[in-house]
Amino acid sequence: MERSDKCLQRELAERFSLTGDAYDFTGATKPLIQEPLKGFKNVFLVRHGLSSWNEDSRIQGSSDLSILSEKGVLQALKCKAALQNLKFDQCFASPISRAKSMAELIWDGRNEHLVFSDSLKEAHLHFLEGMRNEDAKMQYPEIYRAWREDPANFCIEGVYPVVDLWDRAVQAWREILSAEGQRILVVTHKSILRAMVCTALGMGPKRFRAVDINNGGICSFKINEKGEPLLYGLNMTAHLYVDSFRY
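Heads up: the sequence shown runs through residues 4 to 250, numbered per this note's numbering.
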């Protein structure tokens with residue numbers, strides 16, 4: 004007889020229960036904002052669900068032509084269910100359709116503000132956007148190699164997309180932490196999420212590929228009054244596999 008989702012969730016909670024919460028993490032990281040906060044904040048970062056270009060192994064970047072696939076919509080609904088018991092004060096999202104649709108599905112039924120911010124857009128990859136990865140690798144081997152292996156020095160049409168991501172990640176954090184409320188939801192793309200996680204932890208563009216976030220994956224941060232972040236959840240995906248899982 005197969006175990007119920009509730010039994011599996013209980014077993015996971017027992018096996019991986021928290022044994023020591025980092026209550027005071029003052030000085031562990033640098034502040035993400037100049038002005039002190041009124042109190043602690045919790046920020047949940049969500050990557051959009053599987054998209055049509057994810058399924059085709061196409062480079063997406065800032066293109067708005069890729070949309071949530073059928074599986075991506077299902078992942079959005081699983082995220083919505085997993086987060087339903089948490090009261091969020093605001094949601095920030097990328098205006099690019101695959102992330103915008105994800106945010107709208109998750110936020111459906113809530114009355115709080117849903118804000119679309121350009122600072123949360125994906126990296127602009129110029130003529131690589133829309134190309135299949137294997138084609139880009141063959142037609143532009145040096146550019147593609149730099150994108151995959153040397154992101155800090157990756158340059159395309161005179162622009163450094165990953166370096167630009169870091170600037171926007173800093174801007175995004177300031178915008179999010181300046182917002183009213185204690186718990187904030189953010190829905191966006193993998194590359195800008197990588198930049199946001201890395202900037203929070205004090206890592207530069209060279210560490211762009213040091214973290215990864217799956218489609219529908221969730222990261223979570225605690226931010227103290229000084230604006231110093233603590234990462235306490237990275238690429239959480241249990242909700243995508245256990246229907247009754249709740250955060």
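All C-beta atoms, glycine included, are put in the ideal place defined by N, C-alpha and C.
Next on the checklist: Rounded to the nearest angstrom, what separates Ser-97 and Ala-182 at their Cα positions?
Outcome noted: If you draw a straight line from the Cα of Ser-97 to the Cα of Ala-182, it is about 16 Å long.
Item to check | Between the CA atoms of Ser-72 and Ile-195 - distance to the nearest angstrom | outcome: Rounded to whole angstroms, Ile-195 and Ser-72 show a C-alpha spacing of 21 Å.
Checklist entry - Helix, strand or coil: how does DSSP classify Thr-191 here? => result strand
Next on the checklist: Considering only DSSP beta bridges, list what Phe-47 is partnered with.
Outcome noted: Leu-188, Ser-223
Checklist entry - If you drop the 5 nearest sequence neighbours on each side, which residues of the same chain put their C-beta closer than 8 Å to that of Gln-142? => result Met-134
Next on the checklist: Can you find the residues in the same chain that come closer than 6 Å, C-beta to C-beta, to Val-190, ignoring five residues on each side of it along the sequence?
Outcome noted: Val-49, Ala-96, Ala-102, Met-105, Ala-106
Next on the checklist: For Glu-178, which residues in the same chain have their Cβ closer than 8 Å to its Cβ, ignoring the five residues on either side in sequence?
Outcome noted: Phe-95, Ser-120, Ser-122
Next on the checklist: Can you check whether the C-beta of Glu-38 is within less than 8 Å of a C-beta belonging to chain B?
Outcome noted: You won't find chain B in this structure, because it holds only one protein chain.
Checklist entry - Are the CB atoms of Cys-201 and Phe-211 nearer to each other than 8 Å? => result yes
Item to check | The alpha helix (DSSP H) enclosing Pro-144, as first and last residue numbers | outcome: 144-152
Item to check | Closest by C-alpha distance to Trp-56, when choosing among Lys-74, Leu-40, Asn-45, Pro-39 | outcome: The candidate whose alpha carbon is nearest that of Trp-56 is Lys-74.
Item to check | Cβ shell of Val-118 (< 6 Å), same chain only, five flanking positions each side left out | outcome: Phe-95
Checklist entry - Would you call the CB atoms of Gly-52 and Gly-219 closer than 8 Å? => result Gly-52 places its beta carbon less than 8 Å from that of Gly-219.
Item to check | Cβ shell of Asp-215 (< 8 Å), same chain only, five flanking positions each side left out | outcome: Lys-193, Arg-197, Asn-238
Checklist entry - Where does Gly-230 sit, in a helix, a strand or coil, going by DSSP? => result coil
Checklist entry - What is the rounded straight-line gap between the Cα of Lys-41 and the Cα of Asp-138? => result The alpha-carbon atoms of Lys-41 and Asp-138 are separated by roughly 50 Å.
Checklist entry - Ile-36 to Glu-115, Cα distance in whole Å? => result 23 Å
Checklist entry - Quick one: what's got a C-beta closer than 6 Å to Trp-176's C-beta in the same chain, skipping five residues either side? => result Leu-35
Item to check | Identity of the residue in Phe-91, Phe-43, Asp-67, Ile-99 nearest Ile-109 by Cα | outcome: Phe-91
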